[in-house]
Amino acid sequence: MNLLHIDSSADTADDSVTRRLTALFATTWRTAHRTGRHRHRDLCADPVPPLTAAQATLGRRVERAGFVAPEKVPALVENPAEEHAWALTRPLIEEVRTADTLLLGVPMYNFSVPAALKAWIDRVTFPGAFTDPGTGESVLRDLRVVVVMARGGGYGPGTPREHDDFQTPYLRTWFGALGVRPENLHLVAAELTLAGLLPHLAGLAPLAQDSLARARAAVTALAAS
Numbered sequence: 009m010n011l012l013h014i015d016s017s018a019d020t021a022d023d024s025v026t027r028r029l030t031a032l033f034a035t036t037w038r039t040a041h042r043t044g045r046h047r048h049r050d051l052c053a054d055p056v057p058p059l060t061a062a063q064a065t066l067g068r069r070v071e072r073a074g075f076v077a078p079e080k081v082p083a084l085v086e087n088p089a090e091e092h093a094w095a096l097t098r099p100l101i102e103e104v105r106t107a108d109t110l111l112l113g114v115p116m117y118n119f120s121v122p123a124a125l126k127a128w129i130d131r132v133t134f135p136g137a138f139t140d141p142g143t144g145e146s147v148l149r150d151l152r153v154v155v156v157m158a159r160g161g162g163y164g165p166g167t168p169r170e171h172d173d174f175q176t177p178y179l180r181t182w183f184g185a186l187g188v189r190p191e192n193l194h195l196v197a198a199e200l201t202l203a204g205l206l207p208h209l210a211g212l213a214p215l216a217q218d219s220l221a222r223a224r225a226a227v228t229a230l231a232a233s
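Printed below as a string of structure tokens:
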């Protein structure tokens, strides 16, 4: 069993709710899967470079060639810039392809996902990267994905700001486009995480504590299964 654990919060572990929750998942998972392999990638400590023209050009060439497996992409590289772009991209793709469980820590930044995570998403979403060239099906259909989210306010179903959440629908849509089955995608959110910091949210502290407790319970259960 292989766990790929990715954090994208700019905060330290002391200040980040998502980092604490993903750490809880990873610790529980390692206890339940003692022979498993845990790989951790910190997108803030080790940022993924944004896309370049070379990456875009190579991607279009691969698209024109049809479903091309990652190991065949080097044959389509035409210059050093494209070779460098692919050297940055392929290891990220291979990490996802070899994972049995993908764990993402995703705080809400300005109603969506952090730029550090978006850069990683743009890199790994390479044409044909997760498509079986023989069948045309996604190689990620059996991948188990656990997304741990944190939001300073309340954006859950039925709340006044429900429609300001561009984090959850974006991730659900992206994983669906990659071929991850809906039943394998688990989204866990801790809400109102700024209730202890912002005076106008102080009265919501009990709700924040309940939300965090539910998130911790969900993360623990998912890691142990």
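For the sequence shown, the numbering used here begins at 9 and goes up steadily by one. Just so you know, even glycine gets a beta-carbon here, dropped at the ideal spot from N, CA and C.
Buried or exposed (CB count within 10 angstroms, at least 16 for buried), residue i
i, result
"residue 152", "buried"
"residue 233", "exposed"
"residue 82", "exposed"
"residue 115", "buried"
"residue 145", "exposed"
"residue 86", "exposed"
"residue 199", "buried"
"residue 203", "buried"
"residue 27", "buried"
"residue 182", "exposed"
"residue 223", "buried"
"residue 136", "buried"
First through last residue of the alpha helix (DSSP H) which encompasses residue i
i, result
"residue 104", "88 to 105"
"residue 220", "213 to 232"
"residue 184", "176 to 186"
"residue 130", "123 to 132"
"residue 12", "Per DSSP, residue 12 belongs to no alpha helix (DSSP H); it is in the beta strand (DSSP E), 10 to 15."
"residue 68", "61 to 72"
"residue 33", "25 to 40"
Straight-line gap, residue i to residue j (C-alpha atoms, nearest Å)
i, j, result
"residue 160", "residue 169", "12 angstroms"
"residue 226", "residue 190", "17 angstroms"
"residue 7", "residue 130", "The structure shown has nothing for residue 7, since the chain only spans 9 to 233."
"residue 72", "residue 84", "11 angstroms"
"residue 103", "residue 52", "17 angstroms"
"residue 133", "residue 201", "31 angstroms"
"residue 39", "residue 95", "34 angstroms"
"residue 119", "residue 210", "21 angstroms"
"residue 58", "residue 111", "22 angstroms"
"residue 173", "residue 77", "35 angstroms"
"residue 148", "residue 32", "25 angstroms"
"residue 1", "residue 180", "Residue numbering for the chain in the displayed model covers 9 to 233; residue 1 lies beyond these limits and cannot be assessed."
Nearest-angstrom Cβ-Cβ length linking residue i and residue j, presumed shorter than 8 angstroms
i, j, result
"residue 66", "residue 93", "6 angstroms"
"residue 62", "residue 90", "5 angstroms"
"residue 188", "residue 29", "Going by Cβ atoms, the distance from residue 188 to residue 29 rounds to 20 angstroms, so no, they are not a contact pair."
"residue 13", "residue 46", "6 angstroms"
"residue 75", "residue 177", "Residue 75 to residue 177, Cβ: 28 angstroms. No contact."
Opening and closing residue of the beta strand (DSSP E) in which residue i lies
i, result
"residue 45", "45 to 50"
"residue 195", "193 to 198"
"residue 113", "109 to 115"
Check: residue i C-beta below 7 angstroms from any heavy atom of the ligand MG
i, result
"residue 192", "Of ligands this structure carries none, so the ligand MG is not represented either."
- Please specify which runs of the beta strand (DSSP E), each continuous and at least 3 residues long, are wholly inside the stretch 145 to 171, giving them in chain order. Segments of the beta strand (DSSP E) lying fully in the stretch 145 to 171: 152 to 158.
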